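Data block below; observations after.
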Amino acid sequence: MEEPNLIESELSRQITIDGHEFRINICRIDTVPQWSLEVVDENGTSTVWDDLFDTDQAALSEVLRAIKE
């Protein structure tokens with residue numbers, strides 16, 4: 047069985063908010079239209095959202111809202 051292709055969003059990025067670094071990973075499998083979201087903080091702790099997002103922009107908006115809270 048062939049491995050699915052992983053598509054990384056151009057919106058994935060490294061950001062600093064209030065002096066804290068975060069790596070935002072937004073990606074999807076080429077056969078699935080929804081996007082997954084993972085954030086890795088400066089300590090290497092990974093948080094992955096259970097829900098998928100219809101667009102990569104929706105995923106980015108959600109993570110920026112969550113980080114600011």
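The numbering of the sequence shown is our numbering, which starts it at 47 and goes up by one.
No residue lacks a Cβ here, since even glycine has one placed at the ideal position from N, Cα and C.
All figures in this text were calculated on a predicted structure; none of them were measured in a lab.
Item                                                                      : Value
Anticipated Cβ contact below 8 Å, Ser-82 with Ile-70, distance rounded    : About 12 Å; that fails the 8 Å criterion.
Neighbour-count burial assignment, Asp-87, 16 or more Cβ in a 10 Å radius : exposed
Reduced DSSP secondary structure (H/G/I, E/B, other) of Gln-80            : coil
Through-space distance from Val-85 to Thr-91, alpha-carbon basis          : 8 Å
Cβ neighbour criterion (16 or more within 10 Å) applied to Arg-74         : buried
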